[in-house]
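Novice: Got a structure for you, written out below as structure tokens; questions coming shortly.
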Amino acid sequence: MEEKVYALGERYIGAGLSEGTIVLDKVPGNALGAYLDGGVIEVHCNAQDATGDTMNDGEISVFGSTAGYAMRGGAIYVRDDAGYRAGIHMKEYKEKVPALVIGGRTGSFLGEYQAGGVIVVLGIGSEDRQPVGNFCGTGMHGGRIYLRTEHLPKDLPEQVSARKADESDMAAAAPLIRRWAEKFGGDAKALLASSYYLLTPNTKNPYRQLYVTN
Amino acid sequence: MPIDFLYPEYEVVRDASRCIACRACERQCSNEVHAFDEELECMVSDESRCVNCHRCVSICPTRALKIVKTDHTFRENANWTGDTIRELYRQAGSGGVLLSSMGNPKPLPVYWDRLLLNASQVTNPSIDPLREPMETKTFLGKKPTKIERDEDGRIKTELTPQLELSTPILFSAMSYGSISYNAHESLARAAEALGIYYNTGEGGLHQDFYKYGANTIVQVASGRFGVHKDYLSAGAAIEIKMGQGAKPGIGGHLPGTKIVGDVSRTRMIPEGSDAISPAPHHDIYSIEDLRQLVFSLKEASGYKKPVIVKIAAVHNVAAIASGIARSGADIIAIDGFRGGTGAAPTRIRDNVGIPIELALAAVDQRLRDEGIRNTVSLVVGGSVRSSADVVKAIALGADACYIGTAALLALGCHLCRSCQTGKCNWGIATQRPDLVKRLNPDIGMRRLVNLVNAWTHEIKEIMGGMGINSIEALRGNRLMLRGVGLTEKELEILGVKHAGE
Chain A
1 MEEKVYALGE RYIGAGLSEG TIVLDKVPGN ALGAYLDGGV IEVHCNAQDA TGDTMNDGEI
61 SVFGSTAGYA MRGGAIYVRD DAGYRAGIHM KEYKEKVPAL VIGGRTGSFL GEYQAGGVIV
121 VLGIGSEDRQ PVGNFCGTGM HGGRIYLRTE HLPKDLPEQV SARKADESDM AAAAPLIRRW
181 AEKFGGDAKA LLASSYYLLT PNTKNPYRQL YVTN
Chain B
1 MPIDFLYPEY EVVRDASRCI ACRACERQCS NEVHAFDEEL ECMVSDESRC VNCHRCVSIC
61 PTRALKIVKT DHTFRENANW TGDTIRELYR QAGSGGVLLS SMGNPKPLPV YWDRLLLNAS
121 QVTNPSIDPL REPMETKTFL GKKPTKIERD EDGRIKTELT PQLELSTPIL FSAMSYGSIS
181 YNAHESLARA AEALGIYYNT GEGGLHQDFY KYGANTIVQV ASGRFGVHKD YLSAGAAIEI
241 KMGQGAKPGI GGHLPGTKIV GDVSRTRMIP EGSDAISPAP HHDIYSIEDL RQLVFSLKEA
301 SGYKKPVIVK IAAVHNVAAI ASGIARSGAD IIAIDGFRGG TGAAPTRIRD NVGIPIELAL
361 AAVDQRLRDE GIRNTVSLVV GGSVRSSADV VKAIALGADA CYIGTAALLA LGCHLCRSCQ
421 TGKCNWGIAT QRPDLVKRLN PDIGMRRLVN LVNAWTHEIK EIMGGMGINS IEALRGNRLM
481 LRGVGLTEKE LEILGVKHAG E
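Top to bottom, those sequences are chains A and B. In terms of the numbering used here, the first sequence opens at residue 1 and continues consecutively. In terms of the numbering used here, the second sequence opens at residue 1 and continues consecutively.
Rendered as structure tokens:
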């Protein structure tokens, strides 16, 4: 296959890609792997906004930091940090359960409007504080967020409930954490031995505007 | 009696001499208005449940039924009207946000009705459309700024992707979920038969309807429901929904109870989970961000499909449209404040947004002034009720019209404005299988085809009267319009003269 050369900051790389692998050594532009449908993208540096926007399948690995949008399937692995609004609007349907694993910390609005899928924040290097910014899980109404931390965010909305993840809770996250460690060279055993908080929508307190039929 | 008791708005009038107690009305009414009283051996009604949808009236074999507005009244008051008092009682009793459906019913100006069309007399003779060819074919998409020729002097005819319509009408976006499977099938098949397009709305595209892809516009909204590569590739065009005329600035929230069976599969979310589409796209804060979404969709669909950006008609619509025209969009759809909806907060529906006639005139003028009118097509909706409205819209500068409410009326909607209850007796705004099957897609499709064909005949007739034989020659031809009973300012915005001038 002829190797395509991508420019520094080129947008829409791998948009809708359904097969094959793209390896990038220069920082790609926005919307990397948008609507990705099975292809594999490896970024050996940072990535920009809207990485994996509305991706449906496949895998993106970022050996640096990035941000993301509505995933419907596939997986994104980030070695370092994620910016604002990572993993928002994630959906899941049957076997299509998207996953986003972030090694470092994230900006505000992690998992905003999350409707499905799994987000894991390992918070490596931020063990002394919460690994996410403000407004984590705002509008969350499905899916799971795992935070490897002892510091639960103080501003979680009423519609989100948090608990210490037990062994059965970790079943969905453990393979993702192992895969992350395999990719980026972390100690999976040590990571899995840590304590995690699991955030899920609070089914007793859903988002419900009280309406009266007029 | 509680203070907020509301006397039923309608009375069911049953002619006892005609009623044969066949109980058809009872079986047909999903609101359970009718019942058979075993003791009295006659039909009885609970009017408090009636929404005035006329299902029972239409089905009654002996014409024994009619629904009338009650003459029970509050003391007359031009300020505190009965509706205002009733709404206030509802809120005081429940603490709830008032929820309505379909378009704004308030007596606000309908500018279509204040615009009159021209016809030829003596000079520039009129054309008889029965005898002479009349062209209503419409292409939507970017048009080149200038004619270019190749080295042999031949005109280069390559254009960016266009939508080809046999007549300047499209069915507007209504999601599968807000309307039924049979309603969608009727729209899809009618669009195919007519050579026009229907629009999936933001609920994804049902597997069965991929075969109508050549006549389908697929929508992408903030929730990205059912959006994946096959979906984007399936349609003839992709529409980014930024706003909707019935509820500008408000998102969609389909409750989990409506996410069942095929609706769940089509939206690609689990049964029973809420479908929340917030008003903003969280990745769009500027025209530059919009441009990114437009081009990411073009990248993913191989630059083969035009991208439509749909907005609600709001105060600064002309400036917004100018930005959209520069975002790479091929078509701008503008939805006026009388546009319909499956559910919207009453106060939003009735108070937010502006009339489509003014928005259209302002946008067309602004794009002309800036020399970029040819870079986008304009599609307008938000209560286009007849062929005359279509002709007036095109004369004001539209390339084509979206019809939603009119299409639903063709399918049997009686505008009872109760879509939000999900109990539509006509099988349109419901997912209940027993109700959905009342809408026969064969008949629904035929009625839609009839409607659009009838309108097209009328459009040709009106154009012929003006001495125009091509819809292109009508487009933006405001000399064909005169205002009646309008102020100087209204005429200025519409860009038309007053009748008699």
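Idealized CB from N, CA, C, for every residue including glycine.
Between the stretch 128–138 of chain A and the stretch 104–115 of chain A, can you find at least three pairs of beta-carbon atoms closer than 8 Å?
Specialist: Yes, since at least three Cβ pairs between the stretch 104–115 of chain A and the stretch 128–138 of chain A fall closer than 8 Å, the two stretches touch.
Novice: Suppose only complete runs of 4+ residues qualify. What are the alpha helix (DSSP H) ranges in the stretch 425–455 of chain B, listed by chain order?
Specialist: Segments of the alpha helix (DSSP H) lying fully in the stretch 425–455 of chain B: 433–436.
Novice: Name, please, each residue of chain B whose Cβ falls closer than 8 Å to the Cβ of LEU210 (chain A).
Specialist: The answer, in chain order, is SER94, GLY95, GLY96 and VAL97.
Novice: Which residues, taken in chain order from the stretch 58–78 of chain A, show a beta carbon closer than 9 Å to some beta carbon of chain B?
Specialist: Result list: TYR69, ALA70, ARG72 and GLY73.
Novice: Using a Cβ-Cβ cut-off of less than 8 Å, list which residues of the stretch 117–150 of chain A approach chain B; keep chain order.
Specialist: The stretch 117–150 of chain A vs chain B, Cβ under 8 Å: GLY139, HIS141 and GLY142.
Novice: Go to HIS184 (chain B), then tell me how far its beta strand (DSSP E) extends in each direction, as first and last residue.
Specialist: Element bounds for HIS184 (chain B): not the beta strand (DSSP E) but the alpha helix (DSSP H), 181–194.
Novice: Could you tell me which chain B residues have their CB closer than 7 Å to the CB of LYS91 (chain A), listed as they occur along the chain?
Specialist: Result: MET268 and ILE269.
Novice: From the beta carbon of GLU19 (chain A), is the nearest beta carbon of chain B less than 8 Å away?
Specialist: For GLU19 (chain A), the answer is no, since every Cβ of chain B falls outside 8 Å of its Cβ.
Novice: Please tell me whether TYR113 (chain A) has its Cβ less than 8 Å away from any Cβ of chain D.
Specialist: The displayed structure is made up of protein chains A and B, and chain D is not among them.
Novice: What is the DSSP secondary structure of VAL27 (chain A), counted as helix, strand or coil?
Specialist: Three-state DSSP puts VAL27 (chain A) in coil, outside helix and strand.
Novice: Going by beta-carbon coordinates alone, are ALA75 (chain A) and ALA50 (chain A) separated by less than 8 Å?
Specialist: Cβ atoms of ALA75 (chain A) and ALA50 (chain A): not closer than 8 Å.
Novice: Taking a Cβ distance cut-off of 8 Å, strictly less, list which residues of the stretch 17–44 of chain A are near chain B, in chain order.
Specialist: Within the stretch 17–44 of chain A, the residues whose Cβ lies closer than 8 Å to some Cβ of chain B are SER18, ASN30, ALA31, ALA34, TYR35 and ASP37, listed in chain order.
Novice: In this structure, how does DSSP classify CYS22 (chain B) when only helix, strand and coil are distinguished?
Specialist: CYS22 (chain B) falls in the coil class under three-state DSSP.
Novice: Are TYR10 (chain B) and GLU47 (chain B) touching if we call contact CB-CB under 8 Å?
Specialist: Yes, Cβ-Cβ distance for TYR10 (chain B) and GLU47 (chain B) is below 8 Å.
Novice: At 4 residues or longer, and completely inside the stretch 8–64 of chain B: list those alpha helix (DSSP H) runs for me, N to C.
Specialist: Whole alpha helix (DSSP H) segments, 4+ residues: 24–28 and 55–59.
Novice: By the criterion of Cβ-Cβ separation under 9 Å, what are the contact partners of TYR6 (chain A) in chain B?
Specialist: Here the premise fails: no neighbours, minimum Cβ distance about 13 Å.
Novice: Which residues, in chain order, does the stretch 340–366 of chain B contribute to contact with chain A at a C-beta distance below 7 Å?
Specialist: Going along the stretch 340–366 of chain B in chain order, one finds THR346 with a Cβ nearer than 7 Å to chain A.
Novice: If you draw a straight line from the C-alpha of ALA325 (chain B) to the C-alpha of GLN114 (chain A), how long is it?
Specialist: Taking the straight line from one Cα to the other gives about 32 Å.
Novice: Listing by chain order, which chain A residues have their CB less than 7 Å from the CB of VAL227 (chain B)?
Specialist: Correct list: THR54.
Novice: Suppose only complete runs of 3+ residues qualify. What are the beta strand (DSSP E) ranges in the stretch 127–211 of chain A, listed by chain order?
Specialist: The qualifying runs are 142–148, 160–164 and 196–201.
Novice: Please decide whether THR84 (chain B) counts as near chain A, where near means a Cβ-Cβ distance under 8 Å.
Specialist: False, the Cβ-Cβ gap to chain A never drops below 8 Å.
Novice: Of the choices B:GLY141, B:PRO345 and B:ALA400, whose alpha-carbon is the least far from that of ILE372 (chain B)?
Specialist: If we check each option's Cα against that of ILE372 (chain B), B:GLY141 comes out closest.
Novice: Sorted by chain position, which residues of the same chain lie with C-beta nearer than 7 Å to THR375 (chain B)'s C-beta, five sequence neighbours on each side aside?
Specialist: Counting only Cβ-Cβ distances below 7 Å, and skipping sequence neighbours, we find LYS142 and ALA325.
Novice: Against chain B, does TYR12 (chain A) count as a neighbour if the rule is that its beta carbon must be under 8 Å from one of theirs?
Specialist: With 8 Å as the cut-off, TYR12 (chain A) counts as an interface residue toward chain B.
Novice: Just the chain A side, please: which residues come within less than 9 Å of THR421 (chain B) by C-beta, in chain order?
Specialist: Residues of chain A passing the Cβ test: THR213.
Novice: Any beta-carbon of chain B closer than 8 Å to the one on ARG163 (chain A)?
Specialist: With 8 Å as the cut-off, ARG163 (chain A) does not count as an interface residue toward chain B.
Novice: Quick test of the definition: if touching needs 3 or more C-beta pairs under 8 Å, does the stretch 309–325 of chain B touch the stretch 255–271 of chain B?
Specialist: As far as the Cβ criterion goes, the stretch 309–325 of chain B does not touch the stretch 255–271 of chain B, which means the pair count is below three.
Novice: Return the chain-ordered list of same chain residues with a C-beta closer than 6 Å to the C-beta of ARG417 (chain B), the five sequence neighbours on each side being excluded.
Specialist: Only SER101 and MET102 meet the Cβ criterion.
Novice: Assess, as a yes-or-no matter, whether the stretch 273–281 of chain B is touched by the stretch 210–223 of chain B under the definition of 3 or more beta carbon pairs within less than 8 Å.
Specialist: Contact between the stretch 210–223 of chain B and the stretch 273–281 of chain B is present, because at least three Cβ pairs lie under 8 Å.
Novice: Which residue wins for smallest C-alpha separation from VAL173 (chain B), given the options B:ALA333, B:ALA393, B:ALA193 and B:THR456?
Specialist: Per the sequence presented here, residue 173 (chain B) reads as Ala, with Val not at that position. Nearest option by C-alpha distance: B:ALA333.
Novice: Give the DSSP-derived three-state secondary structure of LEU163 (chain B) in the structure shown.
Specialist: Of the three classes helix, strand and coil, the one that applies to LEU163 (chain B) here is strand, per DSSP.
Novice: Whole angstroms are fine: how far does the CA of LEU187 (chain B) sit from the CA of ALA236 (chain B)?
Specialist: Rounded to the nearest angstrom, the two C-alpha atoms are 15 Å apart.
Novice: For GLY117 (chain A), tell me which candidate among A:ARG129, A:GLY87, A:ASP128 and A:GLU127 has the shortest Cα-Cα distance.
Specialist: With distances taken between Cα atoms, GLY117 (chain A) lies closest to A:GLY87.
Novice: Pull up the CB-CB distance for ASP53 (chain A) and SER296 (chain B), whole angstroms please, since I reckon it's below 8 Å.
Specialist: That pair is a contact at about 7 Å.
Novice: Would you call CYS60 (chain B) buried or exposed, if buried means 16 or more other Cβ atoms sit within 10 Å of its Cβ?
Specialist: That one is buried.
Novice: Which residues does DSSP list as the beta-bridge partners of ASP350 (chain B)?
Specialist: Beta-bridge pairing links ASP350 (chain B) to no other residue.
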